[in-house]
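Trainee:
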Amino acid sequence: MLDIARRFRVDNISPLDITEEILQGIKQDPLNAYITVDETGARNAAKEAEEEIRQGSDNLLLGVPVAIKDNICTKGVSTTCASNILSNFVPTYDAHVVEKLKNSGVVIVGKTNMDEFAMGSTTTTSKIGPTKNPWDITKTPGGSSGGSAAAVAADLCAASLGSDTGGSIRQPASFCGITGLKPTYGSVSRFGLVAFASSLDQIGPMARSARDVAILYNAVKGYDPKDSTSVAMKYQPTSLDGLDMRGIRVGVPGAFFGEGLSTDVEKAVKDGISVFKELGAEIVDIDLAYIRYGVAVYYIVATAEASSNLARYDGVRYGLRGNNADDLIDMYIDTRSSGFNIEVKRRIMLGTYGLSAGYYDQYYRKASQVRTLIIQDFAKAFEVCDIIIGPTTPTPAFGLYEMIDDPLSLYLLDIYTIPANLTGLPALSIPCGFTKEGLPIGMQLMAPAFREDILLGAGISFQDHTRFHEKRPQWNMM
Amino acid sequence: MEYDVIIGLEVHAQLLTETKIFCSCSTIFGDKPNTNTCPVCIGMPGVLPVLNKKVVDFGIKLGLATNCHISKTNIFARKNYFYPDLPKGYQITQYENPLCEHGFLDINVDNTVKRIGITRIHMEEDAGKLIHDLKSHRSLIDFNRAGVPLLEIVSEPDIRSTAEAYSYLMELRQLLVYLEICDGNMEQGSFRCDANVSVRPKGSVSFGIRTELKNMNSFRHVQRALDYEINRHIGIIESGGNVLPETMLWDAVSNTTQPMRTKEESHDYRYFPEPDLIPVVVDDAWIEEIEKRLPELPRDKRARFVNVYGLPEYDAEVLTQSRSVADYFEQCVSLLNSPKEISNWIMTEVLRVLKEGSEDIKTLKVTPEMLVSMIRLINDGTISGKIAKDIFEEMATTGRSPELIVKEKGLVQITDEDILKDIVREIIENNPKEVDVYKKGKVQLLGFFVGQVMNATKGKANPRLTNKIIREMLKQ
Ligand SMILES: [Zn+2]
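As they're listed, the protein sequences go chains D and W.
Letter by letter, the first sequence follows residues 174 to 651 of this note's numbering.
Letter by letter, the second sequence follows residues 428 to 903 of this note's numbering.
(1) When you compare only the Cα positions, how much space is there between residue 437(W) and residue 742(W)?
(2) For a contact meaning CB atoms closer than 9 Å, what does residue 515(W) contact in chain D?
(3) Exposed or buried, what is residue 518(W) when buried is set at 16 or more other beta-carbons lying within 10 Å of its beta-carbon?
(4) Using beta-carbon positions only, say whether residue 457(D) and residue 557(D) come within less than 8 Å of one another.
(5) Out of 349(D), 340(D) and 512(D), which one is the CA nearest neighbour of residue 375(D)?
(6) Quick one: what does DSSP say residue 888(W) is sitting in, helix, strand or coil?
(7) Does the stretch 652 to 668 of chain W touch the stretch 612 to 632 of chain W, meaning 3 or more C-beta pairs lie closer than 8 Å?
(8) For a contact defined as C-beta to C-beta under 7 Å, what are the partners of residue 400(D) on chain W?
(9) With 16 other CB atoms within 10 Å as the buried threshold, where does residue 269(D) fall?
(10) Name the residue from 259(D), 518(D), 201(D) and 178(D) whose alpha carbon lies nearest to the alpha carbon of residue 230(D).
(11) Less than 8 Å between the C-beta atoms of residue 594(W) and residue 545(W), yes or no?
(12) From this set, 739(W), 659(W), 800(W) and 751(W), which residue's C-alpha is nearest residue 762(W)'s C-alpha?
(13) Does the contact criterion of 3 or more C-beta pairs under 8 Å hold for the stretch 569 to 581 of chain D versus the stretch 292 to 304 of chain D?
(14) Return the bridge partner residues of residue 245(D) from the DSSP annotation.
(15) Quick check on the DSSP output: the beta strand (DSSP E) that includes residue 390(D) runs from which residue to which?
(16) Given a threshold of 16 other Cβ atoms within 10 Å of its Cβ, counted over all protein chains shown, does residue 457(W) qualify as buried or as exposed?
(17) Could you tell me whether any Cβ in chain W is nearer than 8 Å to the Cβ of residue 336(D)?
(18) So for residue 897(W), helix, strand or coil by DSSP?
(19) Which ranges would you report for the beta strand (DSSP E) in the stretch 386 to 463 of chain D if only whole runs of at least 3 residues count?
(20) With the cut-off set at 8 Å, would you say residue 697(W) and residue 507(W) are in Cβ contact?
(21) Can you check whether the CB of residue 467(D) is closer than 8 Å to the CB of residue 418(D)?
(22) Provide the residue(s) that pair with residue 439(W) in DSSP beta bridges, ordered along the chain.
(23) I need the DSSP call for residue 652(D), collapsed to helix, strand or coil.
(24) I'd like to know whether the C-beta of residue 364(D) is nearer than 8 Å to at least one C-beta of chain W.
(25) Using DSSP bridges, identify the partner residues of residue 677(W).
(26) Given this structure, state the Cα-to-Cα distance separating residue 732(W) from residue 602(W), to the nearest angstrom.
(27) Quick one, which residues of the stretch 244 to 274 of chain D are near chain W if we go by CB-CB under 9 Å, in chain order?
(28) Does the Cβ of residue 275(D) lie closer than 7 Å to at least one heavy atom of ligand 1?
(29) Looking at the secondary structure, which residues open and close the alpha helix (DSSP H) in which residue 502(D) lies?
(30) Going by C-alpha to C-alpha distance, which of 247(D), 244(D) and 277(D) sits closest to residue 164(D)?
(31) Name the chain D residues that come within less than 8 Å of residue 469(W), Cβ to Cβ?
(32) Taking Cβ-Cβ distances shorter than 7 Å, what residues in chain W pair up with residue 478(D)?
(33) Within a Cβ cutoff of 8 Å, which residues of the same chain sit near residue 180(D), ignoring the five residues on either side of it in sequence?
(34) Is it a yes or a no for the stretch 722 to 729 of chain W touching the stretch 562 to 569 of chain D, going by three-plus beta-carbon pairs under 8 Å?
(35) Given 8 Å as the limit, is there contact between the stretch 462 to 480 of chain W and the stretch 360 to 372 of chain D, that is, 3 or more CB pairs closer than that?
(36) Under 8 Å, Cβ to Cβ, is there at least one residue of chain W near residue 318(D)?
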């Protein structure tokens with residue numbers, strides 16, 4: 174992103190040229206990163222940006238090609254959530270973040286592929302088929318924001334927006350070797366984000382570097398009265414200077430280095446932590462006793478909210494309508510049976526069960542109580558450290574369909590990312606190494622609420638001293 | 428056997444906010460279908476609710492007026508069920524923490540005061556409206572009503588008869604209208620009532636099986652439906668049967684209650700806290716602010732009208748039926764300290780004109796000043812009470828002052844005895860037969876002669892004086 178902004182001004186390259194380059198790249202994309210490309214919108218925005226740059230604007234976002242995950246509403250441009258049930262849905266409104274990006278002059282090139290309704294971590298459950306990992310096309314790019322991650326890694330955009338409910342920005346960022354931020358809950362408006370689990374969902378930026386992520390984050394964050402969970406406060410722009418790590422206390426939870434962690438990942442993350450130590454950080458061991466319940470709590474809360482959030486797709490007002498029906502109940506059944514894939518149905522069923530009379534107390538209420546304990550756990554941890562570091566995922570990218578028959582193991586792989594959603598805390602994934610096979614590995618940084626400045630500052634300092642984020646996948650055609 | 432009747436009522440009051448509870452669409456009734464809608468109230472993907480704080484204001488108002496405890500932390504909940512008029516597949520309502528709890532409302536039954544407990548009052552959104560088009564055999568949906576704010580007011584099962592239920596509903600409706608938070612229109616659906624009914628042998632302490640009663644669209648329907656349902660329960664029990672815990676629908680055509688299809692009532696609503704809204708914290712300052720602006724409540728006003736103005740209970744009841752009529756009365760009394768006289772004119776002429784026309788008392792052409800001037804004209808003998816009625820009518824249509832009307836139409840009373848005597852003399856001469864009959868003892872004929880005088884004077888003759896003169900002259 175920063176390099177493109179420089180090319181516009183120093184090399185006199187036009188945003189129109191870059192846009193055409195990107196649109197050409199997407200046409201030949203073997204990864205299936207996009208669901209919808211908005212060529213006209215992109216060219217128009219590029220033209221406007223070109224004019225403003227010529228007039229000397231120093232707005233770094235001008236003309237920068239950005240991709241938007243397909244669960245974020247774009248006015249006049251189809252927004253499908255990679256689902257059959259919304260395959261014909263064209264919003265009449267922009268999501269708050271899209272409005273903000275348009276106002277800041279970026280070029281929105283299109284909508285990226287994802288797991289249907291963001292339920293998944295492989296980008297294989299999309300109605301248009303899977304997105305592939307640019308580092309190895311037999312591997313998953315992760316998910317659910319797999320399209321947004323792959324597009325950045327393969328230079329099919331300069332940066333992108335994803336959404337993160339249990340790791341859906343950070344895990345694909347880690348699998349694709351890019352940087353991704355799940356911001357503090359309430360710092361980025363959810364207006365226009367098609368809800369999966371409202372109390373966990375958060376839109377966030379994905380880009381090659383922490384600096385780019387910070388620029389995009391500055392552009393989309395802020396209070397929005399249209400989202401009641403948006404926090405009304407003064408948002409300072411996050412600095413693009415690195416954070417002086419001297420005296421910063423880095424907490425390392427033992428629980429993040431337990432069973433199931435691949436040795437490659439463990440080594441890369443520990444090396445990463447050493448980099449911070451060399452930069453002057455103080456390493457402290459911390460204890461997070463309750464995070465072992467994180468996955469269980471998450472799948473109860475997230476599916477419960479999802480079962481309710483997805484009730485509106487009933488074929489009555491918009492979207493797919495099953496016509497194989499004689500009465501109302503049949504119409505509901507036909508619409509929802511043919512409109513949702515198996516994973517979405519599985520979660521709707523789970524969530525419905527967890528909220529049912531007689532089960533609410535032992536599932537949803539209990540899960541909410543444990544969620545509070547996890548929040549308290551982190552609050553205590555942040556009394557003794559400023560930042561918590563661990564792996565983003567236990568393993569690097571795995572085979573595209575390797576986990577297809579084993580949803581439970583797949584759910585367990587979200588173990589490190591889930592706590593940030595349950596607690597609302599910000600978390601950043603940055604590249605910190607590669608496996609022997611050359612697959613990228615991500616490291617997760619967590620900070621107290623609204624301390625993205627610490628996260629991004631630390632990320633920028635790390636990347637100023639390492640080169641992992643600069644390495645590009647071999648197949649790169651551009 | 429004798430039975431106790433146990434009734435609990437659930438009222439849904441549509442609020443008079445300008446905009447809906449979670450979006451800025453208008454709440455106006457009767458617009459073209461689906462014109463007052465937006466992505467939020469029709470449940471489009473990705474949109475979010477934003478609470479209209481006015482709804483909380485209104486809820487607190489009613490809570491204070493019904494002596495409720497106002498909850499400090501208010502959490503909204505989702506009530507999940509599928510129905511085409513419910514855009515999101517869930518209704519946003521309150522479940523575990525209602526805005527108001529543990530209140531009461533005093534009602535009058537047979538001249539005694541009875542206290543009915545209010546279990547809870549909570550805020551929620553209304554659904555849309557299904558319209559079945561008989562011509563095309565299609566079902567259409569109007570979402571104008573979707574998202575209109577409601578207060579649900581749940582009573583304790585303290586109501587013991589249909590008459591008490593009626594009185595409770597009247598009292599509650601009057602309160603809502605007084606507080607200016609609901610127009611109380613049952614026919615248009617802005618004031619809706621469901622009932623829980625059970626009966627038990629007199630003296631028994633355990634409750635009988637109850638049924639829920641729905642679809643009563645007027646006060647009369649409520650009375651009929653309750654009477655019917657109570658008798659139905661008793662009939663079942665006396666014939667040795669068991670009342671089923673069903674939901675019954677009132678059928679206004681057959682005047683019976685019919686069970687709702689079980690498929691529609693076997694809901695598990697899967698309530699859980701609404702994650703799209705943050706808890707609404709109602710602090711003391713907020714409550715005090717509302718309390719300060721709370722108007723005098725109907726019961727207090729009634730009592731004051733009796734105590735301060737010396738009005739009969741009946742007058743106080745009628746005059747305080749509406750806040751604006753009561754205000755009108757008090758404005759008149761502030762101009763002329765003659766409460767009973769003013770009350771009489773309001774209860775007869777003013778309310779009649781209001782009833783006949785579509786006019787509101789605030790737009791009534793007869794201002795308190797005009798009414799009082801007219802009463803003064805009667806009291807100083809300028810006009811008769813009969814003429815005053817005509818003048819009132821004239822004021823109501825033209826809005827001109829009574830003095831002007833009297834002057835223009837020459838309606839000043841004839842109080843000159845000589846003029847009246849001449850007229851009476853002429854009438855006696857022209858009606859010898861009637862005079863004869865009168866003198867033979869049929870004194871009721873006095874009215875005939877008075878009528879003749881009034882005819883001759885176009886009603887301007889002073890009635891008292893006319894009576895006196897006729898009597899005197901017929902004695903001769
Ligand atoms: Zn609306």
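All C-beta atoms in this analysis are idealised placements derived from N, C-alpha and C, irrespective of residue type, glycine included.
Mentor: Looking at the coordinates:
(1) Working through the second sequence from its first residue, we reach residue 437(W) at position 10. Working through the second sequence from its first residue, we reach residue 742(W) at position 315. Approximately 31 Å between the Cα atoms of the pair.
(2) Indexing the second sequence from 1 puts residue 515(W) at position 88. Neighbours of residue 515(W) on chain D, chain order: 481, 482, 484 and 485.
(3) In the second sequence, the residue the question calls residue 518(W) occupies position 91. With 16 or more Cβ atoms within 10 Å of its Cβ, residue 518(W) is classed as buried.
(4) Taking the first residue of the first sequence as 1, we reach residue 457(D) at position 284. Taking the first residue of the first sequence as 1, we reach residue 557(D) at position 384. Closer than 8 Å, so yes.
(5) For the purposes of this step, residue 375(D) is identified with residue 202 of the first sequence, where counting begins at 1. If we check each option's Cα against that of residue 375(D), 340(D) comes out closest.
(6) One-based indexing of the second sequence puts residue 888(W) at position 461. Residue state, collapsed to three classes: strand.
(7) yes
(8) Mapped onto the first sequence, residue 400(D) falls at position 227. Near residue 400(D) (Cβ distances below 7 Å), the residues of chain W are 475.
(9) Numbered from its first residue, the first sequence carries residue 269(D) at position 96. Residue 269(D) comes out buried.
(10) By one-based count along the first sequence, residue 230(D) stands at place 57. That would be 178(D), whose Cα lies nearest to the Cα of residue 230(D).
(11) On the second sequence, residue 594(W) is found 167 positions in, with the first residue counted as 1. On the second sequence, residue 545(W) is found 118 positions in, with the first residue counted as 1. No.
(12) As a first step, residue 762(W) is located in the second sequence; it is residue number 335 there, counting from the start. Ranking 739(W), 659(W), 800(W) and 751(W) by Cα distance to residue 762(W) puts 800(W) first.
(13) yes
(14) For this step, residue 245(D) is matched to residue 72 along the first sequence. Answer is 366(D).
(15) Within the first sequence, residue 390(D) is the residue found at index 217, counting from 1. Not the beta strand (DSSP E): residue 390(D) falls in the alpha helix (DSSP H), residues 383 to 393.
(16) For the purposes of this step, residue 457(W) is taken as residue 30 along the second sequence, with counting starting at 1. Exposed.
(17) Taking the first residue of the first sequence as 1, we reach residue 336(D) at position 163. Output row for residue 336(D): interface = no.
(18) Here residue 897(W) is taken as the residue at index 470 of the second sequence, counted from 1. Residue state, collapsed to three classes: helix.
(19) 422 to 426 and 455 to 459
(20) Residue numbering aside, residue 697(W) sits at position 270 when the second sequence is read from its first letter. Residue numbering aside, residue 507(W) sits at position 80 when the second sequence is read from its first letter. The answer is yes: Cβ separation under 8 Å.
(21) Sequence index remark: in the first sequence, residue 418(D) carries index 245 (1-based). Sequence index remark: in the first sequence, residue 467(D) carries index 294 (1-based). No. Outside cutoff.
(22) Along the second sequence, read from residue 1 onward, the residue named residue 439(W) stands at position 12. Per DSSP, 579(W) and 619(W).
(23) Residue coverage of chain D in this structure runs from 174 to 651, which leaves residue 652(D) outside it and unanswerable.
(24) Residue 364(D) sits at position 191 when you count from the first residue of the first sequence. Interface residue, yes.
(25) For this step, residue 677(W) is matched to residue 250 along the second sequence. According to DSSP, which records beta bridges pairwise, residue 677(W) is partnered with 684(W).
(26) In the second sequence, the residue the question calls residue 732(W) occupies position 305. In the second sequence, the residue the question calls residue 602(W) occupies position 175. Their backbone Cα atoms lie some 17 Å apart in a straight line.
(27) 244, 245, 246, 252, 254, 259, 262, 264, 265, 266 and 268
(28) Taking the first residue of the first sequence as 1, we reach residue 275(D) at position 102. Not under cutoff, so the answer is no.
(29) Start at 1 with the first residue of the first sequence, and residue 502(D) comes out as number 329. It spans 501 to 512 - the alpha helix (DSSP H) in which residue 502(D) sits, taken as one unbroken run.
(30) Here chain D covers residues 174 to 651 and nothing more, so residue 164(D) does not appear.
(31) Translated into positions along the second sequence, residue 469(W) becomes position 42. Residues of chain D passing the Cβ test: 490.
(32) To locate residue 478(D), count along the first sequence from 1; it is residue 305. By Cβ distance, chain W contributes 702.
(33) Reading the first sequence from its first residue, position 7 is the one you call residue 180(D). If we look at residue 180(D) and ignore the five residues flanking it on each side, its Cβ neighbours are 186 and 191.
(34) no
(35) yes
(36) Residue numbering aside, residue 318(D) sits at position 145 when the first sequence is read from its first letter. Answer no: the Cβ-Cβ gap between residue 318(D) and chain W never drops below 8 Å.
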